[in-house]
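Participant: One gets this note's numbering by counting positions in the sequence shown from 1 and adding 18 to each.
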Amino acid sequence: MPFEAAEATMWQLVQRHTGRVGYRRGVKSEGLLASPPVIDCSGWTALLLSRALQAHNVAAARAVFTDDDIAALHTWSERIIHEIGQRTGFVLQGTALTADALPRCATIGLKMGNPAWAANHPRPRGITHTVQIVRRPDDDAPFVSESFDGAVAGIRLTPLMQWLARAQPALDANEAWAVDAFRLASGAARGHQQGNVP
19 MPFEAAEATM WQLVQRHTGR VGYRRGVKSE GLLASPPVID CSGWTALLLS RALQAHNVAA
79 ARAVFTDDDI AALHTWSERI IHEIGQRTGF VLQGTALTAD ALPRCATIGL KMGNPAWAAN
139 HPRPRGITHT VQIVRRPDDD APFVSESFDG AVAGIRLTPL MQWLARAQPA LDANEAWAVD
199 AFRLASGAAR GHQQGNVP
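#1: Rounded to whole angstroms, what's the CA-CA distance from LEU66 to PRO177? Just pull it up for me.
#2: Drop a sphere of 10 angstroms on the beta-carbon of GLN18, count the other beta-carbons inside from all chains shown, and report buried for 16 or more, exposed for fewer.
#3: With 16 other CB atoms within 10 Å as the buried threshold, where does MET179 fall?
#4: In the DSSP output, what is ALA194 paired with across the bridge?
#5: Have a look at the DSSP bridge pairing and note the partners of GLU164.
#6: If you reduce the DSSP assignment to three classes, tell me which class VAL32 lands in.
#7: Exposed or buried, what is SER95 when buried is set at 16 or more other beta-carbons lying within 10 Å of its beta-carbon?
#8: If you reduce the DSSP assignment to three classes, tell me which class ARG153 lands in.
#9: Taking only the alpha-carbon atoms, compute the straight-line gap between GLN212 and ILE126 and give it to the nearest angstrom.
#10: If we ignore side chains and look at the alpha-carbon of each, how far apart do VAL56 and THR106 end up?
#11: Would you call VAL82 buried or exposed, if buried means 16 or more other Cβ atoms sit within 10 Å of its Cβ?
#12: What residues in its chain sit with their C-beta under 7 Å from that of PHE108, if we drop five residues either side in the sequence?
#13: Where does the unbroken alpha helix (DSSP H) through ASP87 begin, and where does it stop?
#14: Would you mind stating whether LEU189 and GLY112 have Cβ atoms separated by less than 8 Å?
#15: Kindly indicate which three-state DSSP category THR148 falls into: helix, strand or coil?
#16: Please classify ARG208 as buried or exposed, where buried requires at least 16 other C-beta atoms within 10 Å of its C-beta.
#17: Determine the DSSP secondary structure at LEU71, reduced to helix, strand or coil.
#18: Beta-carbon separation of ALA73 and THR27 under 8 Å?
#19: Note down the Cα distance separating GLU48 from HIS92, rounded to an integer number of angstroms.
#20: Start and end of the alpha helix (DSSP H) containing SER47?
Below, the structure written as structure tokens:
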């Protein structure tokens, strides 16, 4: 598996923090040091991805993923999707997000209403939530990890098929976008045609 170290790192983080970390909007990875620990959706997504890409660089003993690409992940939800999509030239939208079509460890952005707080950053697509697909090493099963402000707020883990069923209204409304941070590897994305990104 080409990104084994990266995927294992994400799973380790998920196992360590799921059900133990709460949600607070605007709080990034520094919130994990708080008491009680908290983090928002983009902070959690950025932490999973940046640690994963760094782990792959260490395992490969070279900079497969650049510092600039990793730094670009530490931003708000819409911007994470924009940066990865723009740098790789790959974005799936709406009903194209199926279990078969999604990349192994896709990052997904969703438009979830029009909350007043969303005016805090530019959001051309209206994305207000991000989630990350992770893989269980034992059987390669896909799950969605997210930090969510719901009835049970905080970091949670959901089997991919169950999550897709729950997200179907957003998919049908074309209010979901998937990108693949692993396509940032070694400049493989650098020759893309930016005009193809929806």
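Built from N, CA and C at the ideal position, the CB exists for glycine as well.
Please read these numbers as outputs of a predicted model, since none were measured by experiment.
Facilitator: Looking at the atomic coordinates:
#1: Straight-line Cα distance between these residues: approximately 17 Å.
#2: With the chain running from 19 to 216 in the structure shown, residue 18 is simply not present.
#3: Around the CB of MET179, fewer than 16 other CB atoms lie within 10 Å, so the residue is classed as exposed.
#4: Residue pairing from DSSP places ALA194 in a beta bridge opposite LEU128.
#5: Bridge partners of GLU164 according to DSSP: ARG174.
#6: Note: VAL32 maps to helix in three-state DSSP.
#7: With 16 or more Cβ atoms within 10 Å of its Cβ, SER95 is classed as buried.
#8: ARG153: strand per DSSP, three-state reduction.
#9: Low confidence applies to GLN212: its pLDDT is 43, below 50, so where it sits in the model is not reliable enough to give any reading.
#10: Their Cα atoms are separated by approximately 31 Å.
#11: By the neighbour-count criterion, in which a residue is buried when 16 or more other Cβ atoms sit within 10 angstroms of its Cβ, VAL82 is buried.
#12: The beta carbon of PHE108 sits closer than 7 Å to those of VAL197, ASP198, ARG201, all from its chain and outside the five residues before and after it, given in chain order.
#13: For ASP87, the enclosing alpha helix (DSSP H) stretches over residues 85 to 89.
#14: Judged by their CB atoms, LEU189 and GLY112 are nearer to each other than the 8 Å cut-off.
#15: When secondary structure is reduced to three states using DSSP, THR148 falls in the strand class.
#16: Model confidence at ARG208 stands at a pLDDT of 49, short of 50, so the residue's coordinates are unreliable; what they give is reported in the following sentence. Around the beta carbon of ARG208, a 10 Å sphere encloses fewer than 16 other beta carbons of the protein chains shown; the residue is thus reported as exposed.
#17: Correct three-state label for LEU71: helix.
#18: ALA73 is a Cβ neighbour of THR27, given a cutoff of 8 Å.
#19: Computed Cα separation, rounded: 12 Å.
#20: Neither: SER47 is in no alpha helix (DSSP H) and is coded neither H nor E.
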